[in-house]
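S.K.: Each number in this note's numbering corresponds to the 1-based position in the sequence shown with 634 added.
One structure coming up, written as structure tokens, with questions to follow.
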Amino acid sequence: QVRFVESGGGLVQPGGSLRLSCTIPRIITSTFNQYLMGWYRQAPGLEREMVATVTSGHSTNYADSVKGRFTISRDNSRKTVLLRMNNLKPEDTAVYYCSAHDGSQIYWGQGTQVTVSS
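Structure (structure tokens):
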């Protein structure tokens, strides 16, 4: 069982910024380093979609819809992954989920709501 601690969601106006944080406190660093970490999101009535992922070596991948606006990063020593979101748009409104992929299965956080509205 992988337990996540997520924070940083909330309500923001269009054009604003938020930072999401996700930590997996109860694993050892070497295990965290094996995970492909990521953020996914799910809007009402839609399927969950990948937002961004980052490898232990800090290689990143982004959905086209967030390129140039979102930045994912990880601190392996703190077992933490961050998602910095700038120039937020109403279509970014969703529940955002932290994920950890160990090569055979994906573990999910509980999700944090991000709402972009004026």
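Where is the CB? At the ideal position from N, CA and C, for every residue including glycine.
Please read these numbers as outputs of a predicted model, since none were measured by experiment.
1) Report the partner residues of S707 according to the DSSP bridge assignment.
2) According to the neighbour-count rule (16 or more other Cβ atoms, all chains shown, within 10 Å of its Cβ), is W742 buried or exposed?
3) In the DSSP assignment, what are the bridge partners of I740?
4) Should T687 be labelled buried (16 or more other beta-carbon atoms within 10 Å of its own) or exposed?
5) Are the region 644 to 652 and the region 713 to 727 touching, with three or more C-beta to C-beta distances below 8 Å?
6) Does DSSP put E640 in a helix, a strand or coil?
7) If you check the beta carbons only, do M684 and Y674 fall under 7 Å apart?
8) Skipping 5 residues on each side, what residues in its chain have a beta carbon closer than 7 Å to that of N695?
9) Assuming T727 and V750 are in contact, meaning their beta carbons sit under 8 Å apart, how far apart are those beta carbons, in whole angstroms?
10) Spell out the partners DSSP gives N695 in its beta bridges.
11) Smallest Cα separation from T689: which of F666, Q739 and E640?
M.R.: In terms of the structure at hand:
1) Within the sequence shown, the letter at position 73 stands for residue 707. For S707, which the question treats as bridged, DSSP gives the partners L716.
2) What you label residue 742 is simply residue 108 of the sequence shown in a count that begins at 1. With fewer than 16 Cβ atoms within 10 Å of its Cβ, W742 is classed as exposed.
3) As a first step, residue 740 must be located in the sequence shown, where it is residue number 106. Note: I740 sits in a beta bridge opposite H735.
4) Counted from its first residue, the sequence shown places residue 687 at position 53. Burial call: buried.
5) yes
6) Sequence index remark: in the sequence shown, residue 640 carries index 6 (1-based). Three-state result, E640: strand.
7) As a working mapping, residue 684 is identified with position 50 in the sequence shown. As a working mapping, residue 674 is identified with position 40 in the sequence shown. Against a cut-off of 7 Å, the Cβ pair of Y674 and M684 comes out as a contact.
8) Walking along the sequence shown from the start, residue 695 turns up at place 61. Cβ within range, chain order: A686 and T687.
9) As a first step, residue 727 is located in the sequence shown; it is residue number 93 there, counting from the start. As a first step, residue 750 is located in the sequence shown; it is residue number 116 there, counting from the start. A Cβ-Cβ distance of about 5 Å is found for the pair T727 and V750, placing them in contact under the 8 Å criterion.
10) Walking along the sequence shown from the start, residue 695 turns up at place 61. For N695, which the question treats as bridged, DSSP gives the partners T687.
11) Here residue 689 is taken as the residue at index 55 of the sequence shown, counted from 1. Residue F666 is the option with its Cα nearest to T689.
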